[in-house]
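Asker:
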Amino acid sequence: MSSQRLLVLVVVAATLASALVLDQADRDVDGLATPVRASVPIATGARGTWFCPGGTAPNGKAEVAVELVNPTGEPARAVVTGVRSGTGAEPLEAEVAVEAGERVTVALAEVVNDSAWMGAVVEVDSGGVVVEQTVVGPTGTDRAPCHTRTSTRWVVASGATRAAAFGEEMFLVLMNPFQDDAVVDIAFDADVGVDTLEGAVVPARRVVAIDVTAEVTVAARVSAILDVRAGRIAVNRMQIRGLDSGGEGQGEGLTVTPAAIDTGPVWYLPTVHRAGRSDVVSVTNPSPTETAEVDLEIVADGDLRFDPVELTIRPGRTVQVVIDDEERLGSLGEFSVIARSLSGLPVAVMAESRRLPGDEAVPTTAATVGSDVAATRWIAPMEGDQSTLVILNPSADTIATVELRVADPDGETVVATVEVAQVSRAVIDIADLPGERPIVVVEASAPVVVGRDLVGVSSHRMSIGVPAGGIRTGAAVTG
3 MSSQRLLVLV VVAATLASAL VLDQADRDVD GLATPVRASV PIATGARGTW FCPGGTAPNG
63 KAEVAVELVN PTGEPARAVV TGVRSGTGAE PLEAEVAVEA GERVTVALAE VVNDSAWMGA
123 VVEVDSGGVV VEQTVVGPTG TDRAPCHTRT STRWVVASGA TRAAAFGEEM FLVLMNPFQD
183 DAVVDIAFDA DVGVDTLEGA VVPARRVVAI DVTAEVTVAA RVSAILDVRA GRIAVNRMQI
243 RGLDSGGEGQ GEGLTVTPAA IDTGPVWYLP TVHRAGRSDV VSVTNPSPTE TAEVDLEIVA
303 DGDLRFDPVE LTIRPGRTVQ VVIDDEERLG SLGEFSVIAR SLSGLPVAVM AESRRLPGDE
363 AVPTTAATVG SDVAATRWIA PMEGDQSTLV ILNPSADTIA TVELRVADPD GETVVATVEV
423 AQVSRAVIDI ADLPGERPIV VVEASAPVVV GRDLVGVSSH RMSIGVPAGG IRTGAAVTG
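In this text, residue positions in the sequence shown follow the numbering used here: the first is 3, and each later residue adds one.
1. Kindly indicate which three-state DSSP category F180 falls into: helix, strand or coil?
2. Under the three-state reduction of DSSP, which class applies to R330: helix, strand or coil?
3. List the residues that DSSP assigns as beta-bridge partners of V42.
4. Using a Cβ-Cβ cut-off of 8 Å, state whether V71 counts as contacting chain C.
5. Taking contact to mean at least 3 C-beta pairs separated by less than 8 Å, is the segment 431–443 in contact with the segment 384–396?
6. Could you pull the start and end residues of the beta strand (DSSP E) that A236 belongs to?
7. According to DSSP, what are the bridge partners of F337?
8. Measuring only the C-alpha atoms, how far is E295 from T314?
9. Under the rule that 16 or more other beta-carbon atoms within 10 Å means buried, what is V113, buried or exposed?
10. Could you check if G304 is buried or exposed, using at least 16 other CB atoms within 10 Å of its CB as the buried criterion?
11. With DSSP run on the structure shown, which of helix, strand or coil describes R463?
12. If you run the structure through DSSP and keep just helix, strand and coil, what is D434?
13. Rounded to the nearest angstrom, how far is the Cβ of E299 from that of P310, given a contact under 8 Å?
14. Within 10 angstroms of the Cβ of G346, are there 16 or more other Cβ atoms? Answer buried if so, exposed if not.
15. Drop a sphere of 10 angstroms on the beta-carbon of A350, count the other beta-carbons inside from all chains shown, and report buried for 16 or more, exposed for fewer.
16. If you reduce the DSSP assignment to three classes, tell me which class E170 lands in.
17. Mapping DSSP to helix, strand and coil, what is A222?
18. Does the segment 116–128 come close enough to the segment 84–95 that 3 or more CB-CB pairs lie under 8 Å?
19. For V324, is the classification buried or exposed, using 16 other Cβ atoms within 10 angstroms of its Cβ as the cut-off for buried?
20. Report the partner residues of T475 according to the DSSP bridge assignment.
21. State buried or exposed for L344, treating a residue as buried only when at least 16 other CB atoms are found within 10 Å of its CB.
22. So what does S389 bridge to, in DSSP terms?
23. Pull up the CB-CB distance for V417 and A428, whole angstroms please, since I reckon it's below 8 Å.
24. Tell me which same chain residues have a C-beta within less than 6 Å of the C-beta of N395, skipping the five on either side of it?
25. Please name the residue, chosen from D187, V443 and Q135, that lies closest to T257 on a Cα-to-Cα basis.
26. Take Q424 as the anchor and find which of V443, R407, V408 and A448 has the nearest alpha-carbon.
27. May I ask which residues mark the beginning and end of the alpha helix (DSSP H) holding V214?
28. Quick one: residues in its chain with C-beta nearer than 6 Å to the C-beta of G103, no 5 flanking neighbours on either side, listed in chain order?
29. Where does the unbroken beta strand (DSSP E) through F53 begin, and where does it stop?
30. So if DSSP puts G84 in a beta bridge, which residue, or which two residues, is it bridged to?
31. Please state whether DSSP places I325 in a helix, a strand or coil.
32. If we ignore side chains and look at the alpha-carbon of each, how far apart do P73 and G130 end up?
33. Distance check for V339 and W52, CA to CA, integer angstroms please.
34. Give the straight-line distance between the Cα atoms of V479 and V158, rounded to the nearest whole angstrom.
35. Among residues of its own chain, excluding the 5 on either side of A109, which ones have a beta-carbon nearer than 6 Å to its beta-carbon?
36. With Q135 as the anchor, note down where its beta strand (DSSP E) starts and where it stops.
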């Protein structure tokens with residue numbers, strides 16, 4: 003079900019820049035926007051354009067590749083266009099065939115030469131194909147969906163920069179796929195104070211990595227609000243956590259997390275833990291003038307019910323909730339969170355998880371942005387021998403009947419049907435599904451939210467699935 007094939011490499015010289023897929027003379031920026039406005043990427047329509055801000059070159063902190071996942075019953079073709087940092091040889095294009103039910107990996111070093119940082123734009127002739135970015139480095143591995151939109155505003159709700167004590171390094175990876183330079187202002191909110199970086203330039207068709215560790219030093223918590231005053235960009239957060247030299251068992255980790263494009267009044271985190279992990283939920287209020295009142299509603303298994311965690315968030319600030327500190331949750335192990343802004347003021351939500359040492363567990367870290375939409379169809383590429391798929395039904399009125407299907411070259415096969423009651427969740431063990439790295443398709447009778455908890459013996463990754471049909475905003479589903 004997986005393969006790696008570069009069919010054609012075509013040099014794109016600077017003199018042929020007008021031929022690039024994102025030449026604004028031929029295609030307006032607005033023409034690339036996803037019809038449904040959502041922060042999460044969406045796999046719909048006749049064609050797909052994916053923006054992958056990227057990572058580093060081989061032997062760097064986070065060697066990057068993209069994986070194209072085709073859950074449909076038809077073959078697809080894609081063009082992967084590299085985007086480099088700095089100056090040097092212009093990147094190449096790779097034409098890639100993705101057969102039905104296949105996963106194809108393209109190492110970005112194959113299309114970007116002699117560049118410290120690199121990203122890609124992936125254009126696919128099928129809207130059903132999902133594109134994810136993978137990274138591997140000395141401290142771990144991670145994967146996350148690429149973006150299907152560029153934007154003029156981005157929010158990163160969490161990060162850390164305690165480099166000396168914990169090996170923490172935070173980077174904002176900014177990709178400008180267009181032919182004009184972009185200019186970005188960044189506002190940081192940290193436990194050590196607030197700071198700004200004004201007028202950062204992201205040159206045309208380039209990747210720029212902002213080293214937040216150098217801008218906001220020794221911060222246990224730092225968030226960022228990016229306002230693009232000229233142009234449009236795509237943004238990921240990269241967080242590195244090295245070996246703990248302070249004796250607190252932080253463990254190692256490498257996470258690549260999509261920044262939030264649109265803030266919204268309702269967000270979903272399908273998978274949050276209290277047992278065996280140390281999870282943190284971060285909520286950012288990007289408003290420059292208004293205070294946000296936010297409830298974190300706990301969706302537990304069975305008949306367990308809990309009052310929400312109530313937050314007051316000042317303008318431009320971030321509040322973190324350390325789940326271990328919420329003693330009233332008692333012995334609650336795994337649950338979901340619905341973050342609701344009571345006044346409707348838009349916010350952004352992110353979760354980070356640190357797996358604690360155990361008999362078979364290596365301490366690692368993971369992170370995911372929340373989902374601001376629910377949908378009736380989701381694509382969830384899975385891997386990891388201890389992984390789970392979490393399905394959250396946020397509706398207070400409707401039971402969701404959910405079919406789990408596995409896509410392979412022979413088509414989709416229904417492997418299970420589950421009923422998810424109102425404001426409830428279902429957890430599916432990947433060991434119960436056929437194949438080592440199944441492409442899971444979720445079809446539901448009512449909008450649900452799908453999260454992935456990808457766990458191996460020495461790795462832990464968290465991610466939202468990719469909505470692919472019947473998409474509704476969180477406010478429309480939960481009221």
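Every residue, glycine too, gets a C-beta built ideally from N, C-alpha and C.
Answerer: Let me spell this out:
1. Translated into the one-based positions of the sequence shown, residue 180 becomes position 178. Under the three-state reduction of DSSP, F180 is assigned to coil, being neither helix nor strand.
2. Residue 330 sits at position 328 when you count from the first residue of the sequence shown. Looking at R330 - three-state DSSP - the assignment turns out to be helix.
3. Within the sequence shown, residue 42 is the residue found at index 40, counting from 1. The partner list for V42 (beta bridge, DSSP) is empty, contrary to what the question assumes.
4. You won't find chain C in this structure, because it holds only one protein chain.
5. yes
6. In the sequence shown, counting from the first residue as 1, residue 236 sits at position 234. First-last of the beta strand (DSSP E) with A236: A236 to R243.
7. Taking the first residue of the sequence shown as 1, we reach residue 337 at position 335. Answer by DSSP bridge pairing, in chain order: V274.
8. Within the sequence shown, residue 295 is the residue found at index 293, counting from 1. Within the sequence shown, residue 314 is the residue found at index 312, counting from 1. One C-alpha to the other measures close to 5 Å.
9. For the purposes of this step, residue 113 is taken as residue 111 along the sequence shown, with counting starting at 1. By the neighbour-count rule (16 or more Cβ atoms within 10 Å), V113 is buried.
10. If you number the sequence shown from 1, residue 304 lands on position 302. Exposed, by the Cβ-count rule.
11. On the sequence shown, residue 463 is found 461 positions in, with the first residue counted as 1. In the structure shown, R463 sits in a strand (DSSP, three-state: E or B).
12. As a first step, residue 434 must be located in the sequence shown, where it is residue number 432. Here D434 sits in helix by DSSP.
13. Residue 299 sits at position 297 when you count from the first residue of the sequence shown. Residue 310 sits at position 308 when you count from the first residue of the sequence shown. About 5 Å; that satisfies the 8 Å criterion.
14. Within the sequence shown, the letter at position 344 stands for residue 346. It counts as exposed.
15. Locating residue 350 in the sequence shown gives position 348, counting from the first residue. Counting Cβ neighbours within 10 Å, A350 comes out buried, since at least 16 surround it.
16. Within the sequence shown, the letter at position 168 stands for residue 170. In the three-state DSSP reduction, E170 falls in the coil class, being neither helix nor strand.
17. Indexing the sequence shown from 1 puts residue 222 at position 220. Of the three classes helix, strand and coil, the one that applies to A222 here is coil, per DSSP.
18. yes
19. As a position in the sequence shown, residue 324 is number 322, starting the count at 1. The residue in question, V324, is exposed, as its Cβ has fewer than 16 Cβ neighbours within 10 Å.
20. Taking the first residue of the sequence shown as 1, we reach residue 475 at position 473. According to DSSP, which records beta bridges pairwise, T475 is partnered with V375.
21. In the sequence shown, the residue the question calls residue 344 occupies position 342. L344 is exposed by the Cβ-count criterion.
22. For this step, residue 389 is matched to residue 387 along the sequence shown. Per DSSP, none; premise fails for S389.
23. For the purposes of this step, residue 417 is taken as residue 415 along the sequence shown, with counting starting at 1. For the purposes of this step, residue 428 is taken as residue 426 along the sequence shown, with counting starting at 1. So it is not a contact: roughly 14 Å between Cβ atoms.
24. One-based indexing of the sequence shown puts residue 395 at position 393. These residues qualify, in order along the chain: A402, V422, S426 and V450.
25. Taking the first residue of the sequence shown as position 1, residue 257 is located at position 255. That would be Q135, whose Cα lies nearest to the Cα of T257.
26. Here the question's residue 424 lines up with position 422 in the sequence shown. Here the closest residue by C-alpha is A448.
27. Here residue 214 corresponds to residue number 212 of the sequence shown, with the count starting at 1. First-last of the alpha helix (DSSP H) with V214: V214 to E217.
28. Here residue 103 corresponds to residue number 101 of the sequence shown, with the count starting at 1. The residues are A409, D410 and P411.
29. Stepping through the sequence shown from its first residue, residue 53 is reached at position 51. Run containing F53: G50 to T58, per the beta strand (DSSP E) assignment.
30. The sequence position of residue 84 within the sequence shown is 82, counting from 1. BP columns for G84 point to A122.
31. For the purposes of this step, residue 325 is taken as the residue at position 323 of the sequence shown. Helix.
32. Within the sequence shown, the letter at position 71 stands for residue 73. Within the sequence shown, the letter at position 128 stands for residue 130. Looking at the two C-alpha atoms, the distance is approximately 7 Å.
33. Locating residue 52 in the sequence shown gives position 50, counting from the first residue. Locating residue 339 in the sequence shown gives position 337, counting from the first residue. Roughly 28 Å between the two C-alpha positions.
34. As a first step, residue 479 is located in the sequence shown; it is residue number 477 there, counting from the start. As a first step, residue 158 is located in the sequence shown; it is residue number 156 there, counting from the start. Spanning the alpha carbons of V479 and V158 requires a straight line of approximately 25 Å.
35. Looking up residue 109 in the sequence shown gives position 107. Same-chain partners within the cutoff: A67.
36. Along the sequence shown, one-based indexing puts residue 135 at 133. Start and end: V132 to G139.
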